[in-house]
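In terms of mature numbering (1 follows the signal peptide of the UniProt record, and there is no 0), the sequence shown is residues -23 to -1, 1 to 99.
For glycine and all other residues, C-beta sits at the position ideal for the given N, C-alpha and C.
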Amino acid sequence: MGTSMKLTIATFSLLCFISTAFGECGLNDFVIGTVRSGRQIQGKPEWNVQVVNKCNCSQSNIVLTCKDFQTVEPVDPSIFQKNGDSCSVNGGRPLRPQADVKFSYAWDPPFFLFPLSTKSLC
């Protein structure tokens, strides 16, 4: 293989690595975990939720799907706020790389929360 071909392959590989490591973040860069706390609030099981930003860049304006979300336990609206069928996370403020936001709610059954939109700050 010629020197120019090796250089082209090396450059392409480096660009792929850079775009993966430092590129735009997306919905797949969130991990959302929901676990039962073991507590009961007004007869409903309490659930602890953790939203983690796994991207190398901060992300803001994080919105999750939360159709029909209900709770008998108040949730701090600066952390998680319902707006119709979606919910804003962290009040729209940036969530740093590898940082998380945690909140709890009480309802049965638990709700499935999925990322709907975000703004990458790369």
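key: The beta strand (DSSP E) enclosing residue 57, as first and last residue numbers   = As a working mapping, residue 57 is identified with position 80 in the sequence shown. Looking at the DSSP string, the run of the beta strand (DSSP E) that includes residue 57 is 57 to 60.
ask   = Hey, which unbroken runs of the beta strand (DSSP E) at 3 residues or more fall wholly within the segment 37 to 77?
value = 57 to 60, 63 to 66
inquiry  = Less than 8 Å between the C-beta atoms of residue 36 and residue 64, yes or no?
reply    = As a first step, residue 36 is located in the sequence shown; it is residue number 59 there, counting from the start. As a first step, residue 64 is located in the sequence shown; it is residue number 87 there, counting from the start. No; because the gap between Cβ atoms is not below 8 Å, this pair is not in contact.
C-beta contact flag for residue 83 and residue 22 at 8 Å = Here residue 83 corresponds to residue number 106 of the sequence shown, with the count starting at 1. Here residue 22 corresponds to residue number 45 of the sequence shown, with the count starting at 1. It is a contact, given that the beta carbons lie within the stated cut-off.
task = With residue 7 as the anchor, note down where its beta strand (DSSP E) starts and where it stops.
result = Residue mapping note: residue 7 aligns to position 30 of the sequence shown, counting from 1. Its beta strand (DSSP E) spans residues 7 to 18.
When 62, 16, 80 are compared against residue 93, the one with the closest alpha-carbon = One-based indexing of the sequence shown puts residue 93 at position 116. The residue with the shortest Cα to Cα distance from residue 93 is 62.
query = How should residue 81 be labelled, buried or exposed, when 16 other C-beta atoms within 10 angstroms of its C-beta is the threshold for buried?
reply = Locating residue 81 in the sequence shown gives position 104, counting from the first residue. With 16 or more Cβ atoms within 10 Å of its Cβ, residue 81 is classed as buried.
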